[in-house]
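Numbering (our numbering), first residue to last: 8 to 366. Cβ atoms here follow ideal geometry from the backbone N, Cα and C, with glycine treated the same way.
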C-alpha cells in the first residue's frame, strides 16, 4: 500500500508540475498575442501617419514645383523685358550721339552766322556813314532807292534779332541735350545694377534647384526605408504564423524583439531625417519669399525705367522740333543771302551814280 501511495504522490507531483508548465505556456502565449496585437495596432497607426505624411509631402512638392515654374516664367519675362529695355537704351544712345553731332554742327553754323552778322553790321555802318555825303548831290530817284535800302536794312536788322533769339533757343535745347546725356548715363548704371541683381537671382534659383534635388533624394531614401519596413512587417506576419510550437516561441520572440527594436531605431532615424527635410523645406520657402520680394523690387525698377524711357521719347520729340527750327533757320539764311545780293546790286548802282556825279 505504501508503494501505491508513493506512486500516487509522484503522479500528483508530476501532474502538478505539468499543470504549472501548462499554465505558464498559456499565460505566455496569451501575453505574447496581446503584445503582438498592440504592436500591430501601433504599426497600423504608424502606417496611417506615414501615408498621411506622404500625401502631405507630395502635395507640398507639387505646390513648390508649380511656384517654381511660375517663378521661372516671371524670370523669363523679366529677361525679355530687360532685353527690350537694352534695345531701347541702345537706340536712345544712338539718337543722343546723332543729336550731339547735330548740336555741334548747329554751334559751328551759329558761329558762322554771328561772324556774317558782324560783317554785315560793319558794312551797314559804312554805308550809313557814306550816304549823307552823296545824298545832297544825287537825284530824287537815288534818294528813294536809299530810303528803300534803309527800309530793307531795318527789316534785315529785325531778322537778325529774330535769328539771335532763335540762337538763344538753340542754346536752351543744347542744355536739354546735356541733361539727356546725363540721364542716359544714370540709366546705364541702373541697368548694370539690374544685371547684377538678375545674376544673384539666377544663383538663388540654382541653389533652390539643388535643394529640391536633395529633397528628392531624401524622399527616395525614405521610400526605400518604408519598403524595408513593409518587408519587415511581412516577415513578422510570417513569423507569427510560424509560431506554433512552444519550444520556438522564446527564440522567435527574441528575434522579433530585436527586429522590432531595430525597426524602432530605423523609424527614429527616418523621423529625424523627416524633421531635417521639413526644416530644409521651410528654409526653401523663406528663400522663395525673399526671391518674390526681390522680383517685386525688380518690377518696380522696371516701371521706373519705363517712365524714364517715356521721358527720353519726349526729349526726342523736342529735338525733332529743334531740327524743324534749324530748317526754318536755313530758309531765313537763304533769305539773308538774297538780301546780301540785293545790297551788292544797290552798292553797284550807288557806285555807278557816284561815277556819273563825278563826271
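- The C-beta of residue 357 has 16 or more other C-beta atoms within 10 Å across all chains shown, which makes the residue buried.
- Nearest to residue 72 by C-alpha distance, out of 220, 200, 91, is 220.
- Selection 213, 81, 157 evaluated against residue 302 yields 81 as nearest (Cα-Cα).
- At least 8 angstroms separates the beta-carbon of residue 294 from that of residue 209.
- In terms of Cβ geometry, residue 340 and residue 187 do not form a close pair [threshold 8 angstroms].
- When the Cα atoms are used, residue 308 and residue 289 turn out to be separated by approximately 29 angstroms.
- Check the Cα spacing between residue 338 and each of 170, 33, 29, 189: the tightest is with 170.
- Our two residues, residue 189 and residue 343, have alpha carbons roughly 37 angstroms apart in a direct line.
- Rounded to the nearest whole angstrom, the CA to CA distance from residue 61 to residue 87 is 39 angstroms.
- With contacts defined as CB atoms closer than 8 angstroms, residue 239 and residue 213 fail to qualify as a contacting pair.
- If you check the CB distance, residue 104 and residue 346 do not come in under 8 angstroms.
- The criterion of a C-beta distance shorter than 8 angstroms is not satisfied by residue 222 and residue 273.
- Taking 8 angstroms as the upper bound for CB-CB distance, residue 225 and residue 280 are in contact here, some 6 angstroms apart.
- CA-CA distance, residue 218 to residue 65, rounds to 15 angstroms.
- Contact annotation, residue 78 with residue 298: C-beta distance approximately 7 angstroms; criterion of less than 8 angstroms satisfied.
- Residue 195 sits exposed, since fewer than 16 C-beta atoms from the chains shown fall within 10 Å of its C-beta.
- Using a 10 angstroms sphere on the CB of residue 156, the tally of other CB atoms reaches 16 or more, which defines it as buried.
- Around the CB of residue 351, fewer than 16 other CB atoms lie within 10 Å, so the residue is classed as exposed.
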